[in-house]
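As they're listed, the protein sequences go chains D and Y. End of the first sequence = 212 in our numbering, gap-free, step of one. End of the second sequence = 287 in our numbering, gap-free, step of one. Ideal Cβ placement from N, Cα and C applies to all residues, glycine included. Working notes, structure below.
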Amino acid sequence: MTYRDQAKPEILRPVSNAFIFASVFVALLLNSLPWNGLWLMLHPDFVAVVMLYWCTHKPQRFGVGLSWVVGILADVSDASLFGQHALSYTVLAFGGVVLSRRIRMFDLREQTTQVFVILLLTYLVYALVHWQVNGQVAWTYLLGALTSTLLWIPTSRLFQSVRQTFVERE
Amino acid sequence: MDSTQTFHVFNRGPSPAARLVFFSVLSLLLMFVDARFRYLESTRSALSVLVSPVQRLATMPNVLWLQGKEFLVKQNSLLEDNKALQHQHGLDAVQLVQQQSLLLENQQLRNLLGLQQRSRVTGQFAEIVYAERDIFRRKVLINKGSSAHIQAGQVVMDERGIVGQITRVYPWLSEVTLITEKDHAVPVQVQRSGLRSIAFGAGDTSRLSLRYMPVSTDIQKGDLLVTSGIDGIYPPGIPVATVEKIERDAAYPFAQIVCLPVGGVDKHRHLLVLSDMPALPERPEAEPVVKKLKKNKAGVH
């Protein structure tokens, strides 16, 4: 594994389950902030980005099943159709788990392009279900995939720095 | 990276592809059942107990900010508000007295004519806690639920006009579908001419449309549309929308009429949930033929 943008070799502590669930919880919280107007159109899907991080970095711990459960909770909090978020998050987790080794080979900037494809697919699945049920496609919804992708680098940096500070302290 | 954990060589459970297929089929099944039969409402309300603390927590900063702003409001503006409100109250009081006498007169006339009495509609106040974050739909959640005897179908309004209708009830929350939701229908009447029609939500942010009105119909720009009350759900005479634009194109059989809602459909935080709608007499049975057929069938079985 080569990390071209990092000078020191990456030593990361094993992640505790509590940290994973806390991060997903915070993401759910951020998602249910009262977004409005233009921000509603542009706001990233924090849950998707956080879950994609865990699916690519800890595929044995956070996989398709847990993503599905989180998707059901997102469906309830959004009052969307039961299974709509669950289906799109299942696709997301599958993409993350299958491509996890490949994605971790690249540095953060190169990861972004691959992450964009997975997120776009996730958004497309959601929009497809909506189109099937309500017979109406809102293309502006897909802008969220773009802003979510922009969130990938900050999220990864944040999680990795949190995991590293634990090591330095010891 | 995972070398610090236990090293699974063999037993990792089903492959990701198998899991993808399993959970996708499960999701599709759930969606089908939810969309067609609505069996899952109790599950949804049970899970909402888990999720609603998260929603409350997320709206907390906003609520605190609003309360803080209210607390730090200036004495001066309070006095001004008070003065304006008293002025308004004086004006309203005169109208109220007139309305009382009109109400009595109306009651007497209705008695004389043997018409059904119009019942008074009561309501309870609720606050918007959470706006729907799905940009496809026009819905809000309010802070009264089945614990406050809210039922699906009740009408929600603000001080100026109809805002929406309750479509789903949770223990402490309920979901209001706004009248601007796509294909949401409100039976209306043009106040000036008494013409009946149905206002449909246009699906975009803040417009309604009247469909299936002939080109020659008697509607003018600026007309007020009020609820007609013939559906037994919306009480009669409450403002819904004003006519904004009329396109009469002879090439089409129907005029295109665009209306703007009167109530602050996406502005206010406090709403009024109406209750105790008068019960309508039962609808006369329309198709005796079908009944006969059913009887025959019952006889065969």
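By the neighbour-count criterion, in which a residue is buried when 16 or more other Cβ atoms sit within 10 angstroms of its Cβ, Y:Gln93 is exposed. Per DSSP, the beta-bridge partners of Y:Met143 are Y:Ile148, Y:Leu258. Cβ atoms of D:Val92 and D:Ala69 come within 8 angstroms of each other, at about 4 angstroms.
Taking a C-beta distance under 8 angstroms as the contact criterion, D:Thr164 and D:Ala90 qualify as a contact pair.
Within the DSSP secondary-structure output, D:Pro76 pairs in no beta bridge. Neighbours of Y:Leu43 in chain D, taken as residues whose beta carbon is under 9 angstroms from its own, are Leu71, Ser74 in chain order. At a beta-carbon threshold of 8 angstroms, none of the residues of chain Y lie near D:Gln202; the nearest stands roughly 11 angstroms away. Measuring C-alpha to C-alpha distances from D:Leu71 to each of D:Leu150, D:Val171, D:Ser198, D:Pro86 identifies D:Pro86 as the nearest. Here the stretch 0 to 8 of chain Y makes no contact with the stretch 129 to 137 of chain Y; the two share fewer than three CB pairs at distances below 8 angstroms.
Comparing C-alpha distances from Y:Leu159 to each of Y:Ile224, Y:Gly109, Y:Leu88, Y:Glu113 shows the shortest one belongs to Y:Glu113. Contact between Y:Glu167 and Y:Gly187 is confirmed by a C-beta separation of about 5 angstroms, below the 8 angstroms threshold. Judged by DSSP in its simplified three-state form, D:Pro101 adopts coil rather than helix or strand. Look at the stretch 143 to 161 of chain Y: the residues with a C-beta under 8 angstroms from a C-beta of chain D are Arg154, Glu161. DSSP links Y:Phe240 through a beta bridge to Y:Pro200. Chain order gives no chain D residues near Y:Asn129, where near means a beta carbon separation below 8 angstroms; the closest approach is about 14 angstroms.
Residues of chain Y with a Cβ closer than 8 angstroms to the Cβ of D:Trp194 do not exist; the shortest Cβ-Cβ separation is about 18 angstroms. DSSP, read as helix, strand or coil, puts Y:Lys125 in strand. Only those residues of the stretch 90 to 122 of chain D whose C-beta falls short of 9 angstroms from the nearest C-beta of chain Y are listed: His99, Lys100, Pro101, Gln102, Arg103, Gly105, Val106, Gly107, Ser109, Trp110, Gly113, Ile114, Leu115, Ala116, Asp117, Val118, Ser119, Asp120, Ala121, Ser122.
One alpha carbon belongs to D:Thr182, the other to Y:Leu89, and they sit about 51 angstroms apart. Distances from the alpha-carbon of Y:Asp204 to those of Y:Ile232, Y:Val83, Y:Ser195, Y:Ile219 put Y:Ile232 closest. At least one C-beta of chain D is nearer than 8 angstroms to the C-beta of Y:Asp20. In chain Y, no part has a C-beta under 8 angstroms from the C-beta of D:Leu184; the shortest such distance is about 11 angstroms. Around the Cβ of Y:Ser183, a 10 Å sphere holds 16 or more other Cβ atoms; the residue is buried. Scanning the stretch 27 to 106 of chain Y for uninterrupted beta strand (DSSP E) segments of 3 residues or longer gives nothing; none is fully contained. With contacts defined by Cβ atoms closer than 8 angstroms, Y:Ile165 and Y:Val155 do not form a contacting pair. The alpha carbon of Y:Ala227 has as its nearest neighbour, out of Y:His256, Y:Leu43, Y:Leu210, the alpha carbon of Y:Leu210. Taking C-beta separations shorter than 8 angstroms and ignoring five residues to either side along the sequence, the partners of D:Ala169 in its chain run Val179, Ala180, Tyr183, Leu184, following chain order.
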